[in-house]
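This report concerns only the one structure given below.
Numbering (UniProt numbering), first residue to last: 1 to 397.
If you want it as structure tokens, here you go:
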């Protein structure tokens, strides 16, 4: 019996020795690892100090200079483009007519959303004027617009299965289930409804294709979504650079008639003016190139007039666009931030398309600087110009 007790004591002692020994080995391993980490950190710090210039002032000055250079990088990109200039002068009287049509396109859209039986005729709209009587409206573009219809509360599913032998885990799971029963997820259901996106006019003298401006929250989000995607000629697969993903999504919403289909019906011996304001300007930019590529007999007659247009694509797109559509004019309010979005250097590189004609009308707020009526007033007063402006507060050169 005494020997058995002694054996049990020895076994416990040996077990304790093993435990303490294991803890000791673990502590030694941890300390060794910490020491190794500290040594590595010291080596990295020493290496960094070797690489760092001893003259910290020169390093700081270099950082300041890099910051200053970034200010002008966008302008350097624009200056290097060498876009094909127009061979037809900007027409002020025509521009007055086209910006007026852009306003009518907005009224067409709003009327169509409000009055289901509206047929798209611009003659019934408040801004229609007798000067348009010489034109015949041969089409109204229709597309699909995402519209929120309702919001539905849905209970979140919770997994109650599984056996938990750990009391703490079991308690946590119970608490989670109790909280989850009080949580609901709001699911937004949406549908696409047909809306008017513009119209087409013809006359013995010229044709006019008009696209409406931004109206919905989805379109505004697309305006600021600066991701780019490749653009290729649908006939030849020629690469045309990268363009704004949100704008091409909106352009592809045009389903009836397609711009190509209606362009094939137009007289190729008279000018074809393509125009739009805001989002409509980006649609007009894409439509002009699309029509030039797919309806080559009409290409020499295309003239593009855009108002408050955001930037659509990268330098490759701008160069090729100017070759195919040289008679392109971009009218901007210098106080309108939308006309300078996306930034030249953002997620990709963005540059303007067309010869710039500008004016300055600051209404002390974002939307008044951008709306079609601000542009319409300036153009009717003929204040837009393509000459460089020198302002007394311009400090950068």
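Ideal placement from N, C-alpha and C gives every residue a C-beta, glycine not left out.
All figures in this text were calculated on a predicted structure; none of them were measured in a lab.
Asked: Sorted by chain position, which residues of the same chain lie with C-beta nearer than 6 Å to residue 198's C-beta, five sequence neighbours on each side aside?; Found: 105, 141, 210, 211 and 212
Asked: Can you give the beta carbon distance from residue 301 to residue 272, rounded, assuming they're within the 8 Å contact cut?; Found: 5 Å
Asked: Between which residues of its own chain and residue 337 is the CB-CB distance below 7 Å, once the five residues before and five after are set aside?; Found: 366
Asked: Provide the residue span of the beta strand (DSSP E) that contains residue 372, from first to last.; Found: Premise fails: residue 372 lies in the alpha helix (DSSP H), 372-380, not in any beta strand (DSSP E).
Asked: Using the C-alpha atoms, what's the distance from residue 138 back to residue 304?; Found: 20 Å
Asked: To the nearest angstrom, report how far apart residue 363 and residue 103 are at their CA atoms.; Found: 19 Å
Asked: What residues match up with residue 144 in a beta bridge as DSSP calls it?; Found: 194
Asked: Thinking C-alpha only, which one of 195, 203 and 82 is nearest residue 133?; Found: 203
Asked: Does the beta-carbon of residue 330 have 16 or more other beta-carbons within 10 angstroms, so that it is buried, or is it exposed?; Found: buried
Asked: Can you tell which of 66, 62 and 72 has the C-alpha that lies nearest to the C-alpha of residue 343?; Found: 72
Asked: Please report the Cβ distance between residue 94 and residue 318, rounded to the nearest whole angstrom; I am assuming they are in contact, meaning their Cβ atoms lie under 8 Å.; Found: Actually they do not touch by this definition, with Cβ atoms about 23 Å apart.
Asked: Contact check, residue 107 vs residue 126 under 8 Å by CB: the rounded distance?; Found: 6 Å
Asked: Can you list the beta strand (DSSP E) stretches of 3 or more residues lying completely in the segment 280-335, in chain order?; Found: 302-307 and 328-333
Asked: Please return the same chain residues whose Cβ sits closer than 8 Å to the Cβ of residue 195, not counting the five positions on each side in sequence.; Found: 109, 112, 113, 142, 143, 144 and 145
Asked: Can you pull the DSSP bridge partners for residue 269?; Found: Per DSSP, none; premise fails for residue 269.
Asked: For my contact list, residue 243 and residue 260 are in at a C-beta cut-off of 8 Å; report their separation, rounded to the angstrom.; Found: Not confirmed; about 18 Å, so no contact.
Asked: Using 10 angstroms around the beta-carbon of residue 236, count the other beta-carbons present and answer buried if the total reaches 16, otherwise exposed.; Found: exposed
Asked: On the DSSP letters alone, give me the boundaries of the beta strand (DSSP E) that residue 242 sits inside.; Found: 239-244
Asked: Rounded C-beta distance between residue 282 and residue 247? I'm assuming under 8 Å.; Found: 4 Å
Asked: So for residue 383, helix, strand or coil by DSSP?; Found: coil
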